[in-house]
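Participant: Here numbering that gives the first Met the number 0 is used: the first residue of the sequence shown is 0, the next is one more, and so on. Glycine included, each C-beta is placed from N, C-alpha and C at the ideal position.
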Amino acid sequence: MKTIIFTVSILLVYSISYAQNNLEKLLTQVENSDSTIVADTLNEKAINEETSFGLKRETTKSDTTVIRLGKRNVIVIGKEDGTTTVEIPEKKSNSVIKKERKFKGHWAGFEWGFNGYLTPNKSTVMDGNLKFMELKQSRSWNINLNFLQQSIGFGTDKAGLVTGLGLEFNDYHFRNNTNFKVQNGITVVDSAYILAGYKVTKSKFSTQQLVVPLLLEFQIPVGSDSKRIFISTGVIGGVRFGSHTKVEYEFNGEKKDKVKDDFNLFSFRYGFTARVGYRGLRLFANYYPTPLFEKGKGPEVYPFSVGLILLSFN
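1) Which of helix, strand or coil does DSSP assign to Q108?
2) Rounded to a whole number of angstroms, what is the C-alpha to C-alpha distance between G279 and Y287?
3) On the DSSP bridge assignment, give the partners of K257 in chain order.
4) How would you write the range of the beta strand (DSSP E) that L129 sits in, first residue to last?
5) Given a threshold of 16 other Cβ atoms within 10 Å of its Cβ, counted over all protein chains shown, does S32 qualify as buried or as exposed?
6) Considering only C-alpha positions, which residue in the set V246, P88, F102 is nearest to G154?
7) Would you identify the three-state DSSP class for T195, choosing helix, strand or coil?
8) Could you pull the start and end residues of the beta strand (DSSP E) that E167 belongs to?
9) In the DSSP output, which residue or residues are listed as bridge partners for D62?
10) Kindly give me the distance between the Cβ atoms of L166 and L213, rounded to whole angstroms, as I take these residues to be in contact under 8 Å.
11) Mind checking whether F146 and S304 have CB atoms under 8 Å apart?
12) How would you label I185, buried or exposed, when you count the other beta carbons within 10 angstroms and need 16 or more for buried?
13) Would you kindly work out how many angstroms separate the C-alpha atoms of I235 and G252, rounded to a whole number?
14) With DSSP as the reference, label R274 as helix, strand or coil.
15) So G243 and V221 are in contact, right, with Cβ under 8 Å, and what is the actual spacing, rounded?
16) According to DSSP, is S225 part of a helix, a strand, or is it coil?
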C-alpha cells in the first residue's frame, strides 16, 4: 500500500512539472501510440536480468513498478526494508556514428637511392669533354628526409593533393678520381691530384637542398580498402643550402681536402617526381630539367635520382 501511494505521488509531481514546462508537447505525446502509460510489476527474476532498461542490481526481494511516460521509463522500487527509490534511466541511442576516412598522401618518410645525370642528348654515357664526370654509380647516393606533409583530399579518401617539406642530400663519386674547381669564374675539371702523382682513394661532390613538392595522388584498393596501390606524380622545387668537394688521398699518410663553394650551381631548381607503392614496396624517381650548373659556367648535365622509400612517416 505504501508503494502504491508513493508511486501515485511521484506521478502527480512529475506530471505537474512536465505540464508546466511544455504542456503542448506533453499532449502530443499522450495522443501518440508510443506515449501510452504502462505499469508493470516485475518479479525477482526479472530484476536480476539486464533488460531493456539496462539496469544491474543485486538480488533482493522487492516490489518494482515500471511506468512509461511518452518514450521515457520511470522505475519505482519498493525494497524489503521499507524504503522506496525512483529511477529514470537515460534514453539509449541506437545510432552508430561512422568515422569518415580522410585522404592521406605519401610524402613524409625516409628515402634512399642512386644519383646520376644525363647529357644534353639525354644519355647517361659521359664522353668527350664530359668524360671526367663519369660516376661510381654504386656510391653516388641520394638520401631524402621528408619531414613535413600536408594532404588535401578531393572529397574522397582515394585522391588528392600532397605537399610538404624535405631535405635532399646528394653525393656524386667520380670514377676517374678527378673533381671540380672554379677557374676564371668557370667550373672546370680539377686533375691536380692525378698530375701530382697522388694516390686518390676517394673523390666526390656533394650538394644539399631544401625541397617542396606538389603531388597529385591516386589510391586504388586491392582486395580490401585498407590495402591500396598509390600512384603520385607532380613537381618538386629545391633551394640549395650547401655544396662541397672532398678528396681523400695518400701523401706521407692519409689526407683529406674539403672545399666549400657554390661551384656555379643553380641556387634554385625544379624537377618532376613520380612515386608508386603497394604495402612495403615503394619506389620514387626524380628528374631535374634544370641543369646542375648555371648556363655557360660549368658542364651541362641534368641530374636525376631513383630509389626506394624505406620508411613512411604516415
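Facilitator: Quick answer:
1) Counting from one through the sequence shown, the residue named residue 108 turns up at place 109. Per the sequence presented here, residue 108 reads as Gly, with Gln not at that position. Assigned with DSSP and collapsed to three states, G108 falls in strand.
2) Taking the first residue of the sequence shown as 1, we reach residue 279 at position 280. Taking the first residue of the sequence shown as 1, we reach residue 287 at position 288. Spanning the two alpha carbons is a distance of roughly 27 Å.
3) Taking the sequence shown and counting its residues from 1, the one referred to as residue 257 is at position 258. K245.
4) Along the sequence shown, one-based indexing puts residue 129 at 130. Here L129 belongs to no beta strand (DSSP E), and DSSP marks it neither H nor E.
5) Taking the first residue of the sequence shown as position 1, residue 32 is located at position 33. Because S32 sits at a pLDDT of 43, beneath the cut-off of 50, its placement in the model cannot be relied upon, and the following sentence gives the value as read from the coordinates. Classification of S32: exposed, given that the 10 Å Cβ count is below 16.
6) Locating residue 154 in the sequence shown gives position 155, where the first residue counts as 1. Checked all of V246, P88, F102; the closest Cα to G154 is F102.
7) As a position in the sequence shown, residue 195 is number 196, starting the count at 1. Reading the sequence as shown, one finds Ala at residue 195 and not Thr. A195 falls in the coil class under three-state DSSP.
8) Within the sequence shown, numbered from 1, the residue matching residue 167 stands at position 168. Segment 158 to 172, the beta strand (DSSP E) holding E167.
9) Here residue 62 is taken as the residue at index 63 of the sequence shown, counted from 1. Answer is G77.
10) Position 167 of the sequence shown holds residue 166. Position 214 of the sequence shown holds residue 213. Their Cβ separation, rounded to whole angstroms, is 17 Å, which puts L166 and L213 out of contact at 8 Å.
11) Taking the first residue of the sequence shown as 1, we reach residue 146 at position 147. Taking the first residue of the sequence shown as 1, we reach residue 304 at position 305. Taking 8 Å as the Cβ cut-off, F146 and S304 do not qualify as a contacting pair.
12) What you label residue 185 is simply residue 186 of the sequence shown in a count that begins at 1. The residue is exposed, with fewer than 16 neighbouring Cβ atoms inside 10 Å.
13) One-based indexing of the sequence shown puts residue 235 at position 236. One-based indexing of the sequence shown puts residue 252 at position 253. Distance between the alpha carbons of I235 and G252 is about 44 Å.
14) Position 275 of the sequence shown, counted from the first residue, corresponds to residue 274. Strand, per DSSP.
15) In the sequence shown, the residue the question calls residue 243 occupies position 244. In the sequence shown, the residue the question calls residue 221 occupies position 222. Note on residue identity: the sequence assigns His, not Gly, to residue 243. The Cβ separation is near 45 Å, so there is no contact.
16) Position 226 of the sequence shown, counted from the start, is the residue given in the question as residue 225. Strand, per DSSP.
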